[in-house]
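First the structure, in the form of structure tokens, and then the observations on it.
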Ligand SMILES: Nc1ncnc2c1ncn2[C@@H]1O[C@H](COP(=O)(O)OP(=O)(O)OP(=O)(O)O)[C@@H](O)[C@H]1O
Ligand SMILES: [Mg+2]
């Protein structure tokens, strides 16, 4: 069975619009991400990509249009429900990692589990599993200032995955890494998303990044102007029976 459509749509935006100070930033954006589907979002600087991710992650609200997560309209949720969604269902990875500088790798990964009230022993187990999975187990006690960019991004990915989210939002996750490290991070993102059937919506300026995605969407001036299936037949063959 195709894991992408097994349980239908995960994120559905319909005619989503957003302005800042009367300047339209998003103009009737309609897009859908299915469970386990990996989608790249490309477009020039200022076209509204980060703004869209902020709406999808529930940290900003649209002016109009509909935004559903697992069939539930975000605007109809209470702010507590939206906060719960942000903590459990959606993970985010950023260009500049955003690790807490005074905490070790392990402590950073533990933060979302603490917020969820996961008991200590279970937290420890999950953190070591996640650091293992992302290839930074031996850096568990290192502070961000002692890590390379690639290591920091691995820790940030581990942290984003800690609550076992159904959707991973990534905003230029390789934008601050050299190309070899960036390639490895893309491979990691693809493998963890595949293993956990986590959907991915990834903003990127790197055309190579689309190789880990099923679909590529183009955004321009706040609108989706193009969509294409990613030309990676061998990956599709793995996904599709
Ligand atoms: N909080 C805000 N207040 C006012 N204007 C904003 C705000 N956030 C974004 N904008 C404006 O909205 C437009 C789109 O910004 P956005 O960050 O979504 O672009 P982007 O596609 O992510 O660009 P980049 O590739 O440079 O990251 C820009 O013109 C930006 O200046
Ligand atoms: Mg941006």
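Numbering (the working numbering), first residue to last: 11 to 251.
Even for Gly, the Cβ is constructed at its ideal location relative to N, Cα and C.
What whole-angstrom Cβ distance do residue 195 and residue 160 have, given they're in contact under 8 Å? Residue 195 to residue 160, Cβ: 6 Å. Contact.
Inspect the beta-carbon positions of residue 59 and residue 67 and report whether they are closer than 8 Å. Cβ distance not < 8 Å, so residue 59 and residue 67 don't count as in contact.
The stretch 132–139 / the stretch 213–225 touching (three or more Cβ pairs under 8 Å): No: fewer than three Cβ pairs fall under 8 Å.
Residue 208 classed as buried or exposed, judged by whether at least 16 other C-beta atoms fall within 10 angstroms: Classified as buried, residue 208 has 16 or more neighbouring CB atoms from the shown chains inside 10 Å of its CB.
DSSP three-state assignment for residue 127, whether helix, strand or coil: Assignment of residue 127 by DSSP, reduced to helix, strand and coil, places it in the coil class.
What did DSSP end up calling residue 122 once you bin it into helix, strand or coil? Three-state DSSP puts residue 122 in a helix.
Residue 41 lies in the alpha helix (DSSP H); which residues open and close that run? Following the DSSP letters along the chain, one finds residue 41 in no alpha helix (DSSP H) but inside the beta strand (DSSP E) bounded by residues 33–44.
With a cut-off of 8 Å, do at least 3 Cβ pairs link the stretch 82–100 to the stretch 175–192? Counting Cβ pairs under 8 Å, three or more are found: they touch.
Could you tell me the distance, in whole angstroms, from the CA atom of residue 47 to the CA atom of residue 201? Between the C-alpha atoms of residue 47 and residue 201 there is a straight-line separation of about 13 Å.
Considering Cα atoms alone, identify which of 32, 91, 167 is closest to residue 73. Residue 32 is the option with its Cα nearest to residue 73.
Determine the DSSP secondary structure at residue 19, reduced to helix, strand or coil. DSSP places residue 19 in strand when its eight states are reduced to three.
How far does the beta strand (DSSP E) with residue 228 in it extend, from its first residue to its last? Counting along the chain, the beta strand (DSSP E) containing residue 228 begins and ends at 225–230.
How about residue 65 and residue 42: do their beta carbons lie closer than 8 Å? It is not a contact, given that the beta carbons lie outside the stated cut-off.
Which residues in the same chain as residue 57 place their Cβ atom closer than 8 Å to its Cβ, once the five residues preceding and following it in sequence are excluded? 229, 230, 231, 232, listed in sequence order.
beta-carbon residue 25 near ligand 2 non-hydrogen atom, thresh 7 Å: Residue 25: no, Cβ never under 7 Å from ligand 2.
Mind listing, in chain order, the continuous beta strand (DSSP E) runs of no fewer than 3 residues lying wholly within the stretch 127–182? Runs of the beta strand (DSSP E) lying entirely within the stretch 127–182 and spanning at least 3 residues, in chain order: 177–181.
Cβ of residue 198 within 8 Å of Cβ of residue 49? In this structure, residue 198 sits away from residue 49, with a CB-CB distance that is not shorter than 8 Å.
Does chain C have any CB closer than 8 Å to the CB of residue 239? This model lacks chain C altogether; it includes just one protein chain.
Taking the alpha helix (DSSP H) that residue 185 belongs to, which residues open and close that run? Note, residue 185: premise wrong, no alpha helix (DSSP H); not H, not E.
Return the first residue and the last residue of the beta strand (DSSP E) that residue 62 is part of. Counting along the chain, residue 62 falls outside any beta strand (DSSP E), though it belongs to the alpha helix (DSSP H) covering 59–66.
Identity of the residue in 171, 163, 170 nearest residue 184 by Cα: Out of 171, 163, 170, 163 has the C-alpha closest to the C-alpha of residue 184.
For residue 99, does the three-state DSSP call read helix, strand or coil? Correct three-state label for residue 99: coil.
On a CA-only basis, which of 169, 226, 38 is nearest residue 124? Give me that one, please. Just measuring C-alpha positions, the residue of 169, 226, 38 sitting nearest residue 124 is 169.
With contact counted as at least three CB pairs below 8 Å, one residue from each stretch, are the stretch 114–121 and the stretch 145–152 in contact? Touching, per the Cβ criterion.
Spatial neighbours of residue 126 within its chain, please: CB distance less than 8 Å, with the 5 preceding and 5 following residues excluded, ordered by chain position. If we look at residue 126 and ignore the five residues flanking it on each side, its Cβ neighbours are 97, 98, 173.
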